[in-house]
Amino acid sequence: MAVPSHHLVADPPPFGSPPYPPDIFAGQTVLVSGGGSGMGLAMARAFAQGGASVAVMGRNLENAQAAAEGLTKLGVKAHGISCDVRLPDQVAAAFDEAERTLGPVSLLANNAGANFPVLAEDISVNAWNAVTRIAIDGTFLCSTEFARRRIALGQGGAIINNSAQYIWTGFPGDAHSAAAKTAQATMTRKMARDWAAYGIRVNVIAAGFFPHKSSTAGRREGGIEDLQAMIPAGRTGSIHEFGWLSAMTCTPLMVGLTGQVIVQDGGESLRRSLMMPDFIPPRERADGPWGWR
Amino acid sequence: MSWLEGKTARLVGESPDIAAALTAHGATFVDHGDCDVLVHIAAQPPIKPAHELSHAEWRAALDSGLDQRFLLARDYAAMRRAAGKGGAVVYVGAPEQALGSDHAAAAGALGNLTKTLGVEWARDGIRVNAILTCETGETLGNLVAYLVSDYAAYVTGAVMGVGLDD
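Heads up: the protein sequence lines correspond to chains A and B, in order. Here the first sequence is numbered in this note's numbering, starting from 1 and rising by one per residue. Here the second sequence is numbered in this note's numbering, starting from 1001 and rising by one per residue.
Shown next as structure tokens:
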């Protein structure tokens, strides 16, 4: 179903009109985990629009390097790095490489994540470990590596984490991600407290539906047009507005902002009514927009 | 940056930081009638233990912290609908547990009202958000300016703070 034409849908300014000046991150380097595609790439592009040098970290070196190459077209220095964020030695090595190439990392975007619809009983131990540890351990390892380096330098910094709008409700049919994404939000609040004295700010976006070509919804036949009407806002999110909010939390414009969970979901997580369509257990919705088949 | 260039804003309540930020971002203030965005700041009631609050004091806090905020936003939304235009409301106040039980009730009610109105008015293109904070300063001003700007077009029904104790 399409959004009726008499409904008003609020749209963001276009990608070419970012909400901050092109030098707001001048002289700074951001490290973006999972920055080679999707939401991580949107974060990387948003930081680049503010003039930051960008270290793009990903499991796949070719993807990270290709993304870095694309970022240089926005007029910044960029460098692609291969890293498995679950492994502390690799994380430390990636920071070393980023700092050798681009200078001290003063901004961090934790985006690395994996997610796919699957019934709880069908989640293999490997899949559970992958989804939860990339988000939970990965965010911990990258954030602590970052913080130790900033504290050693006696300088502050800013971290932005990519979480999800379903962190308060659970996500039936996606148990691994439900657990992982909430952990990111709760650790954000505590790390903000741990590092406030060092001038390191930590915030998290509880992001809604921002389809891109590597998301489950983005791959579906017929595209995302019929998903627009599901969202109270009347559309799915534009990935550049997610990137902008992420980067914005790290700017001097938001210098007092820390420990915050900011929902950006077009009202997606709030649309319940006392009268709802019949409940269908995830086991019985194999097909559909987020089916596990 | 001029996030609010060409927009009219109605600012109800006192906050020099928010007024300065809205001005810096290009908004023009109006004090009545239709406007593009509405920012409402509640005055803070004095802090008293619950058993020392009279019913009159309780009612006054709920009136200013909740009832007037709802009624004003409803009038604003009606004007926006009549004009065929979207808009944005931001409520600003103290965190739920920062003051007395009167404020705790009002702020909790306001938070869930924010989430509800955000959805009720979503397809009118009217967004509703709230900042519950003890903080003042530039970040608060900028956050309000961001939330009422088109840059926050996908943020509605959000209740957030600014600092660690919010």
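Just so you know, even glycine gets a beta-carbon here, dropped at the ideal spot from N, CA and C.
| Query | Result |
| --- | --- |
| Check whether the Cβ of residue 34/A lies closer than 7 Å to any Cβ atom in chain B. | no |
| For residue 119/A, which of helix, strand or coil comes out of DSSP? | coil |
| Starting from residue 204/A, trace the alpha helix (DSSP H) in both directions and tell me its first and last residue. | Segment 200-207 is the beta strand (DSSP E) holding residue 204/A; no alpha helix (DSSP H) there. |
| Closest to residue 283/A by CA distance: which of 57/A, 47/A, 23/A, 122/A is it? | 122/A |
| Assuming residue 1136/B and residue 1017/B form a contact by the criterion Cβ under 8 Å, report the distance between their Cβ atoms to the nearest whole angstrom. | 5 Å |
| For residue 1099/B, I'd like the list of residues in its chain whose CB is within less than 7 Å of its CB, leaving aside the five on either flank, ordered along the chain. | 1044, 1045, 1047 |
| Which chain B residues are close to residue 21/A, counting only those with a beta carbon under 8 Å from its beta carbon? | 1001 |
| With distance defined between alpha-carbon atoms, name the residue in 241/A, 41/A, 162/A nearest to residue 1149/B. | 241/A |
| Are the Cβ atoms of residue 206/A and residue 163/A separated by less than 7 Å? | yes |
| Please check the pair residue 228/A and residue 204/A, which I expect to be a contact at CB under 8 Å, by giving their CB distance rounded to whole angstroms. | About 26 Å separates the two Cβ atoms, so there is no contact after all. |
| For residue 43/A versus residue 177/A, is the C-beta spacing smaller than 7 Å? | no |
| Could you list which residues in chain B have their beta carbon closer than 7 Å to that of residue 158/A, in chain order? | Per Cβ cutoff of 7 Å: no residues; residue 158/A is ~12 Å from chain B at best. |
| So with CB distances below 7 Å, who are the chain A contacts of residue 1139/B? | 254, 255, 256, 257 |
| Taking DSSP as the reference, what is the three-state secondary structure of residue 1/A? | coil |
| Taking just the CA atoms, how far does residue 1155/B sit from residue 1075/B? | 21 Å |
| Could you tell me whether any Cβ in chain B is nearer than 7 Å to the Cβ of residue 11/A? | yes |
| Expressed to the nearest angstrom, what Euclidean distance is found between the alpha-carbon atoms of residue 251/A and residue 237/A? | 22 Å |
| Suppose you measure from the CA of residue 193/A to the CA of residue 186/A; what does that come to, to the nearest Å? | 11 Å |
| Over what stretch of residues does the beta strand (DSSP E) that includes residue 30/A continue unbroken? | 29-33 |
| Is the beta carbon of residue 30/A less than 7 Å from the beta carbon of residue 52/A? | yes |
| Would you mind telling me which residues of chain B sit closer than 9 Å to residue 354/A, beta carbon to beta carbon, in chain order? | Because chain A here runs from 1 to 293, residue 354/A falls outside it and cannot be looked at. |
| For the region 148-204 of chain A, list the alpha helix (DSSP H) runs that are entirely contained and at least 4 residues long, ordered along the chain. | 175-195 |
| Going by DSSP, name the residue or residues bridged to residue 1124/B. | 8/A |
| Compute the beta-carbon to beta-carbon distance between residue 1088/B and residue 1037/B, rounded to the nearest angstrom, for a pair I have assumed lies under 8 Å. | 5 Å |
| Taking C-beta pairs closer than 7 Å, name the residues in chain B that residue 267/A reaches, listed in chain order. | 1118, 1119, 1122, 1156, 1157 |
| What first and last residue would you give for the alpha helix (DSSP H) that runs through residue 1146/B? | 1138-1148 |
| Check whether the region 253-265 of chain A touches the region 118-136 of chain A, counting contact only when three or more Cβ pairs, one atom from each stretch, lie closer than 8 Å. | no |
| Are residue 1153/B and residue 96/A closer than 7 Å when you measure CB to CB? | no |
| Taking the straight line between their C-alpha atoms, what separation do you get for residue 86/A and residue 141/A? | 7 Å |
| Taking all protein chains shown into account, do 16 or more other C-beta atoms lie within 10 angstroms of the C-beta of residue 191/A, making it buried, or fewer, making it exposed? | buried |
| Mind reading off the beta-carbon distance from residue 1022/B to residue 1011/B? Whole number of angstroms is fine, and I expect it under 8 Å. | 7 Å |
| Counting Cβ pairs closer than 8 Å, one from the region 65-73 of chain A and one from the region 95-111 of chain A, do we hit at least three? | no |
| Run through DSSP, which three-state label would residue 1162/B get? | coil |
| If you drop the 5 nearest sequence neighbours on each side, which residues of the same chain put their C-beta closer than 6 Å to that of residue 174/A? | 117 |
| What do you reckon, are the CB atoms on residue 270/A and residue 1006/B nearer than 7 Å? | no |
| Who does residue 264/A pair with in a DSSP beta bridge? | 207/A |
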